[in-house]
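The block underneath contains the structure these notes are about, expressed in structure tokens.
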Ligand code: HEC
Ligand code: HEC
Ligand code: HEC
Ligand code: HEC
């Protein structure tokens, strides 16, 4: 692609650059190991409420505005406070380092102006709901009118993730306030991985309410790429998982965050595929649900191979679904329950056939979604243990060596997954030498810098070298 080139690839490389095991991260290792099964019961108990809870922009309560949270005695302190259970400098971290604080400002720039004009929007980007719904905390029209202090110009403020504060703001600082009590008052349970996944994905993947369609991408919007664990760190986090946090909220390790994020993304992809408004665009299906590079590659470069990750691919000349999330869900299911992994593989195969006109699309899509949601629930309730981690990383690499990532999107997710797994091993104190593995990850990411220049063979070559590092008895204990 020519015009779209820089937009198309810019996003991925900006995420890619930072996917490694961050050596600088504090080794909260031991704690993490102990808290591994912490509050699993609470997670299960909440799983039901978590899926039912309205997202912050749909919640029936009034948004009060970022200013409500920022006094220096509350969340606007320059340095964290000793003795307070939370850091209290959340506002400073958000306003200085978090891109959500400038998500609205982006809508005023040249790029956004060009996108809006190519789409023929009747209003400029910063006044168009289609853009504001993701680039600001922009409560739906059906919800109470926000307080005067709330402004979309604040971008995605505290309430954009923590929920409109009307009913929880006063009680959350009262003596004896508990996290569960706050949630009952409308605080969004962003600590729970399934709820967090729903929230982040609603903007970073899209939902049936808001979506970056192929038209918007062709007008210049970057391709979306998201992985929950990596992005939780990139944000950067304005919370610290220490003993006190674990006591209040439980400990949910990085790999579980990654895994649940993947399973929920598959569910979201299917919701959009089946949504009559989102899933189609005139005579065509919504193209972003498919592998971009199935279409966007030069004709001289004939790539079709009879086998793909999910067995025999339907036929040359057919557009493949973007299966990057499905690849990851299969990987973890194979670790926790090989039979479930096989059922999942069959369901993906059948969906691919239905997309090609062979079978009932709706029934097959819903069957796959049910398996993905079941996987998310099982993972939230315990799922992967740290004994699985090294095996899972090796399986990921071996899938790649067997040709499972012919598409960029799959390779990109595989690289982010390896980063999350290695990171978790590091935090658990299980790596003897993080430096070698980090270097190996950097080499993998280097071949993913530009999606249009992606060569599966180069990726495999780096995976082969990474495997030697990972399998070495010197790597882990
Ligand atoms: C479904 C949610 C969603 C919608 C709708 C949406 N965006 Fe975005 N946009 C995002 C996300 C998420 C990112 C950041 C992606 C990343 O960095 O991973 C982004 C990134 C961008 C960027 C690039 C930022 C950069 O740093 O280069 C621009 C420009 C932009 N959006 C403009 C728009 C405009 C204009 C509209 C309306 C036509 C719009 N967006 C609609 C979610 C959305
Ligand atoms: C893009 C989403 C997002 C935005 C915006 C956001 N947060 Fe958070 N916040 C999170 C996540 C994720 C967590 C970690 C999960 C948790 O502890 O609930 C968190 C945790 C917290 C915690 C709990 C820390 C603890 O130890 O329990 C506080 C307090 C907090 N945020 C305050 C704020 C404030 C104040 C703002 C606005 C200045 C803000 N957040 C903006 C996502 C967000
Ligand atoms: C209301 C929509 C919305 C929600 C909810 C949301 N984001 Fe974002 N996020 C955006 C937009 C828009 C951008 C682009 C901002 C920019 O590039 O300046 C973005 C940017 C980011 C970035 C920076 C990416 C980069 O390329 O540097 C990270 C990291 C991120 N989000 C993580 C998260 C996480 C984790 C969650 C869930 C806890 C979340 N976001 C929830 C809309 C959202
Ligand atoms: C089924 C085929 C197909 C798929 C899949 C597909 N596209 Fe496209 N794309 C097209 C066609 C056709 C055009 C229109 C080309 C034109 O206008 O000349 C286009 C145009 C574009 C453009 C504008 C290019 C330009 O030169 O102006 C961008 C950017 C783009 N697509 C991005 C994507 C992204 C990102 C994905 C994956 C999320 C994707 N496309 C998936 C077929 C596809």
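Numbering (the working numbering), first residue to last: -4 to 472.
Positions of the beta carbon are idealized from the N, C-alpha and C atoms, including for glycine.
So what does DSSP say about residue i, is it helix, strand or coil?
i           : result
residue 458 : helix
residue 193 : helix
residue 453 : helix
residue 276 : strand
residue 316 : strand
residue 8   : Its pLDDT being 31, under 50, residue 8 is placed unreliably in this model, and the value from its coordinates should be taken loosely. The answer is helix: DSSP assigns residue 8 an H, G or I state.
residue 226 : helix
residue 234 : coil
residue 339 : helix
residue 27  : Model confidence at residue 27 stands at a pLDDT of 33, short of 50, so the residue's coordinates are unreliable and nothing is read from them.
residue 20  : Any reading at residue 20 must be qualified, since the residue scores a pLDDT of 31, below 50, and its modelled position is unreliable; the value itself is stated next. In this structure, residue 20 counts as coil in the three-state DSSP scheme.
residue 255 : helix
Given this structure, state the Cα-to-Cα distance separating residue i from residue j, to the nearest angstrom.
i           : j           : result
residue 503 : residue 462 : The requested residue 503 does not occur in the structure, where the chain is confined to residues -4 to 472.
residue 325 : residue 464 : 24 Å
residue 267 : residue 277 : 15 Å
residue 31  : residue 247 : Note on residue 31: pLDDT 36, under 50, position unreliable in the model; the coordinate value appears next. When rounded, the distance between both Cα atoms is 7 Å.
residue 148 : residue 204 : 21 Å
residue 115 : residue 166 : 46 Å
residue 50  : residue 60  : 17 Å
residue 118 : residue 453 : 45 Å
residue 466 : residue 389 : 8 Å
residue 391 : residue 259 : 19 Å
residue 455 : residue 132 : 41 Å
residue 419 : residue 230 : 18 Å
residue 458 : residue 53  : 43 Å
residue 240 : residue 365 : 32 Å
residue 217 : residue 445 : 13 Å
residue 374 : residue 177 : 25 Å
residue 431 : residue 417 : 11 Å
residue 410 : residue 327 : 15 Å
residue 316 : residue 283 : 9 Å
residue 333 : residue 353 : 27 Å
residue 235 : residue 347 : 42 Å
residue 183 : residue 155 : 9 Å
residue 66  : residue 372 : 38 Å
residue 383 : residue 105 : 47 Å
For a test of your reading of the model: does the CB of residue i fall under 8 Å from any non-hydrogen atom of ligand 4? Yes or no.
i           : result
residue 234 : no
residue 209 : yes
residue 448 : no
residue 456 : no
Flag residue i as yes when its Cβ comes closer than 8 Å to any non-hydrogen atom of ligand 3, and as no otherwise.
i           : result
residue 473 : Residue 473 lies beyond the stretch modelled for the chain, which goes from -4 to 472, so this question has no answer here.
residue 51  : yes
residue 427 : no
residue 185 : yes
residue 121 : no
residue 151 : yes
residue 226 : yes
residue 212 : no
For my contact list, residue i and residue j are in at a C-beta cut-off of 8 Å; report their separation, rounded to the angstrom.
i           : j           : result
residue 405 : residue 322 : 5 Å
residue 320 : residue 261 : 5 Å
residue 64  : residue 153 : 5 Å
residue 195 : residue 223 : 6 Å
residue 58  : residue 142 : 7 Å
residue 232 : residue 110 : No, residue 232 and residue 110 are not in contact; Cβ-Cβ is about 30 Å, not under 8 Å.
residue 286 : residue 402 : 5 Å
residue 138 : residue 202 : Contact doesn't hold; Cβ gap of about 16 Å is too wide.
residue 130 : residue 150 : 7 Å
Less than 8 Å separating the Cβ of residue i from some heavy atom of ligand 1?
i           : result
residue 134 : no
residue 104 : yes
residue 274 : no
residue 267 : no
residue 101 : yes
residue 206 : yes
residue 289 : no
residue 396 : no
Can you tell me whether residue i sits near ligand 6, meaning its C-beta is under 8 Å from at least one heavy atom of the ligand?
i           : result
residue 218 : Ligand 6 is not among the ligands present in this structure, which contains only ligand 1, ligand 2, ligand 3 and ligand 4.
Does ligand 2 have a heavy atom nearer than 8 Å to the CB of residue i?
i           : result
residue 138 : no
residue 145 : no
residue 90  : yes
residue 357 : no
Q | Ranges of the alpha helix (DSSP H) found wholly within the segment 408 to 441, counting only runs of at least 4 | A | 429 to 441
Q: Please list the segments of the beta strand (DSSP E) lying wholly inside the segment 349 to 418, counting only runs of 3 or more residues, in order along the chain.
A: none
Q.
What ranges does the alpha helix (DSSP H) occupy inside the segment 158 to 184, keeping only unbroken runs of at least 4 residues that lie completely in it?
A. Taken in chain order, the complete alpha helix (DSSP H) segments of 4 residues or longer contained in the segment 158 to 184 are 174 to 179.
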